[in-house]
Amino acid sequence: MEKIKKQETGITLLVLVITIIILLILAGITVSAITGDNGIIKNAGQAKEETEIANEKEIVEKATVQAMGNNKYGNIEEDELQSELDKETGEGETNVTDIGDGIEVIFIDSNRYYIVDKDGNVEGEYPIKIDKNPGDFTIGEEGETLDGSPDHPYEISCIEDLVVLSNISRGKGNYIENGEIKKAERNTFSGKNFILTQTLNFNSTVSYADLSMTWHYDEEEEAYVIDENSTQNLRDLLTDRNGVGFVPISKNTGSGHLMFAGIFDGKSYEIQNLYEKAQNGGGLFNSLYSATIKNLGLTKVDITGQQVSGITRACNGGKFYNIYVSGKIEGNSVAGIVNHAMGSVEIINCCNLAEIQSSGSAGGIIQFKDTGGTATIVNCYNFGNISGGQYGNVSGIIGGANNTRTRNIINTCSLGTISKPSGSSYNFYYVWGGAAVSLDSCYYLDTIVNENVIANENSIAFSKGDKSIIDKLNTYVEAHRNDYIDKGITLYNWKLDSNGLPTFEK
């Protein structure tokens, strides 16, 4: 009997242990089902968020229809849309801003925004990224310290960061470091890395981290200065068409070693609605020294001045990869990407879509290639219409080049109209002083201009809708795709756009 009791006790303990293990396993499964990546709580949260977004979008659409109906011209206006939204949500729940090519609607509690275009179409939702340290690109999103190394690049997360980069690169104005305002001292950021963390729109309120911060423009310094005694915020100053707009990063100092010499990676984001009235050269950058600018869209620009372009007024050496520019650039001596190129310059996978109006010389990609080094332009195109002055050099790709250095234009298209009051304008380039340009697999639209220097079998005219040109462009891409791997570049493939013209397929 004693033996039987011991056996029963042992069996009971074993069953108890097994039961506990099973219960623990079930508990783990239950917890995972509730809190895991696909758990009930997360799914419920996602469902709740999706419902909120759908509700917000419906509110915006309803208010938009009502606002357009109230407008006698059927237009969508900022104050009318705000009024209708206040009726739907209550005052103070939304904030409406006209951003030029649309209207931005912010839902304050949810930190989301939507864009209403001029036809009343609603786009979004877009999350609002909050930069807790505006004007200090040395602090990351999680509060970590950034040193500009490849692993810890400086982060440009708001317009304030761009302005501070301009100040420090020029040694003008002031900036913020660890919450303290300091006077800017020139820094070329040689070899340092910068990245964009989101698309920045100069007209948008969400692209500014702190609109309560006040600034003023110092004419003597030619810089924006943080000033608690001012009554203007940065957006008001940068979008004022009576002002100078954005002050370009870096400055032409006469010494290349004092210009911006870093790596600026747009991470495929855009900088939108950049306005400049440049007196001494303009673009996103004024001057660069062996810098690298890549993966960036500069859209809807409005740049006016002497020696201006979308990306930079001048560079002494440099690399420009995966860049596009759209909008309007005008003045005396104008280009889409680089105005004045010196030293060895490499431009790959870039296109200009901006309208270029110059009283002097103009070029779709480069306005003037000067002394020293070679210029290599690969897999690029100009689609912007270019007009130049009577005595200027006007061309679709390189406006003009002198001295005996070689320029190479490869697998590139000239697609926009090219004109000047009198004299010749050219599809790809104009040269003098013994300069030479090599064309390889280059194509131009047969309706834009007949004059092309050294036209040969490597410079071919084509008509809209000619798919054979796409085949030829992509044949080059496939044959040379591995040539640029060490630079981290994949050549873009080409396709015909809706108008039958070559464009990048990306």
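In this text, residue positions in the sequence shown follow my numbering: the first is 80, and each later residue adds one.
We put the CB at the ideal spot given by N, CA and C, even for glycine.
- The alpha helix (DSSP H) runs lying completely inside the segment 230-274 and spanning 4 residues or more are 238-249, given in chain order.
- Residue pairing from DSSP places residue 294 in a beta bridge opposite 305 and 311.
- Counting along the chain, residue 373 sits inside the beta strand (DSSP E) bounded by residues 364-387.
- Residue 522 and residue 552 have their C-alpha atoms roughly 9 Å apart.
- Judged by their CB atoms, residue 450 and residue 482 are nearer to each other than the 8 Å cut-off.
- A residue is called buried once 16 or more other Cβ atoms fall within 10 Å of its Cβ, and residue 267 is buried on that count.
- Relative to residue 380, the option among 368, 209, 416 and 510 whose CA is nearest is 416.
- Using a Cβ distance threshold of 8 Å, residue 280 and residue 352 count as a contacting pair.
- In the DSSP assignment, no residue is bridged to residue 470.
- Its chain contains 579 as the residues whose beta carbon lies nearer than 6 Å to that of residue 544, once the 5 sequence neighbours on both sides are disregarded; these appear in chain order.
- For the pair residue 208 and residue 236, the CB atoms are nearer than the 8 Å cut-off.
- Under the 10 Å beta carbon count, residue 427 is surrounded by 16 or more other beta carbons and is classified as buried.
- In this structure, DSSP gives residue 188 a state outside helix and strand, which the three-state scheme calls coil.
- DSSP places residue 349 in the strand class (E or B) of the three-state scheme.
- Residues of the same chain with a CB within less than 8 Å of the CB of residue 418, apart from the 5 flanking positions on each side, are 360, 362, 386, 387, 388, 391, 392, 393, 412, 445, 446 and 447 in chain order.
- Around the Cβ of residue 253, a 10 Å sphere holds 16 or more other Cβ atoms; the residue is buried.
- Your pair residue 479 and residue 509 checks out as a contact, with CB atoms roughly 5 Å apart and the cut at 8 Å.
- Annotation for residue 556: no beta strand (DSSP E) segment contains it, though the alpha helix (DSSP H) segment containing it runs 546-559.
- In the structure shown, the three-state DSSP call for residue 183 is strand.
- In its chain, beyond the 5 residues on either side, 414, 474, 477 and 478 have a beta carbon closer than 6 Å to the beta carbon of residue 442.
- Exclusion of the five residues before and after residue 248 leaves 328, 329 and 339 as the residues of its chain whose Cβ lies within less than 6 Å of its Cβ.
- In the structure shown, the three-state DSSP call for residue 355 is strand.
- Cβ neighbours of residue 316 within its own chain (closer than 7 Å, five residues either side excluded): 294, 296, 303 and 322.
- With a beta-carbon spacing of about 7 Å, residue 462 and residue 431 fall inside the 8 Å limit used to define contacts.
- Residue nearest to residue 143 within the set 126, 181 and 129 is 181 (criterion: CA-CA distance).
- Within the model, the alpha-carbon separation for residue 159 versus residue 176 is close to 11 Å.
- Taking a cut-off of 8 Å on C-beta distances, the segment 185-196 touches the segment 127-140, as three or more cross pairs fall below it.
- Contact between residue 312 and residue 366 fails: their C-beta atoms lie close to 29 Å from each other, not under 8 Å.
- Around the beta carbon of residue 395, 16 or more other beta carbons sit within 10 angstroms, so the residue counts as buried.
- When beta bridges are read from the DSSP output, residue 446 appears opposite no residue.
- Here DSSP, grouped into helix, strand and coil, assigns residue 407 to strand.
- In the three-state scheme derived from DSSP, where H, G and I count as helix and E and B as strand, residue 130 is classed as helix.
- DSSP, read as helix, strand or coil, puts residue 565 in helix.
- Beyond the five residues adjoining it in sequence on each side, residue 174 comes within less than 6 Å, by CB distance, of 185 in the same chain, given in chain order.
- Residue environment: residue 149 is assigned as exposed (fewer than 16 neighbouring CB atoms within 10 Å of its CB, all protein chains considered).
- Remark: C-beta atoms of residue 275 and residue 205 do not approach each other more closely than 8 Å.
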